[in-house]
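*Asks:* Residues 6 to 166, numbered by the numbering used here, are exactly what the sequence shown covers, in order.
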Amino acid sequence: MTSEADDAWAYIIDNNEETWKRRKEGDTRNAQFFKNLANELQKYDYKSFTDADLKRRIFKLTKIGYQALSEDKLNQLIDVITRINTNYNNVNVCQFQNETNCNIKVVVTLNSEWKMMAKSRDPEELKHYWVQWHDAAGKPVRKDFEKYVTLRQEAAQLNSE
Numbered sequence: 006m007t008s009e010a011d012d013a014w015a016y017i018i019d020n021n022e023e024t025w026k027r028r029k030e031g032d033t034r035n036a037q038f039f040k041n042l043a044n045e046l047q048k049y050d051y052k053s054f055t056d057a058d059l060k061r062r063i064f065k066l067t068k069i070g071y072q073a074l075s076e077d078k079l080n081q082l083i084d085v086i087t088r089i090n091t092n093y094n095n096v097n098v099c100q101f102q103n104e105t106n107c108n109i110k111v112v113v114t115l116n117s118e119w120k121m122m123a124k125s126r127d128p129e130e131l132k133h134y135w136v137q138w139h140d141a142a143g144k145p146v147r148k149d150f151e152k153y154v155t156l157r158q159e160a161a162q163l164n165s166e
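#1: If you check the beta carbons only, do I109 and V98 fall under 8 Å apart?
#2: So, at 6 Å on beta carbons, what are the nonlocal neighbours of A10 in its own chain, with the 5 sequence-adjacent residues on each side left out?
#3: Note down, in chain order, each residue of its chain lying with its Cβ closer than 6 Å to the Cβ of A15, except the 5 sequence neighbours on either side.
#4: Take E104 as the anchor and find which of H133, R28, A142, G143 has the nearest alpha-carbon.
#5: How many angstroms separate the CA atom of K68 from the CA atom of N94?
#6: My output table needs one value for K78: the three-state DSSP class, helix, strand or coil.
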């Protein structure tokens, strides 16, 4: 079994069906772990503890974030995040001053071959790549982002109870 971080990193650097499945499984395992942990910690009257640091830590762990969602909504959230990340990791842009070459893949990882933004000092070139990347990475997932915000707001409300 790998950690959620390993699964997430594998998905980021090699975005395919297998790494997506492993990431989703890792996210689900992680959510269940923290939900179970929060339920166990809520059994204790930690507010009466004298150790302020311990009280703070337990309080933080009982606020489980998006894991407070029902299983169905948690899966919706994970799917939305996955679609947003998939789009982000598969963006292509057109080459600066060569709009016929639109196969420049923008994968933002440590191994990325796409280094125009880091190397260029030409403001027009930087603007070109930024606008193209922004349009390609943001607009297609607008509805998913709206769903993401709605689900995160619901999780926040569930955590405030």
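Idealized CB from N, CA, C, for every residue including glycine.
*Replies:* In brief:
#1: Taking the sequence shown and counting its residues from 1, one reaches residue 109 at position 104. Taking the sequence shown and counting its residues from 1, one reaches residue 98 at position 93. Yes; because the gap between Cβ atoms is below 8 Å, this pair is in contact.
#2: Within the sequence shown, residue 10 is the residue found at index 5, counting from 1. Same-chain partners within the cutoff: there are none.
#3: Within the sequence shown, the letter at position 10 stands for residue 15. Around A15: T24.
#4: Taking the first residue of the sequence shown as position 1, residue 104 is located at position 99. E104 has its Cα closest to that of H133, out of H133, R28, A142, G143.
#5: Residue 68 sits at position 63 when you count from the first residue of the sequence shown. Residue 94 sits at position 89 when you count from the first residue of the sequence shown. Cα-Cα distance, rounded: 31 Å.
#6: Indexing the sequence shown from 1 puts residue 78 at position 73. K78: helix per DSSP, three-state reduction.
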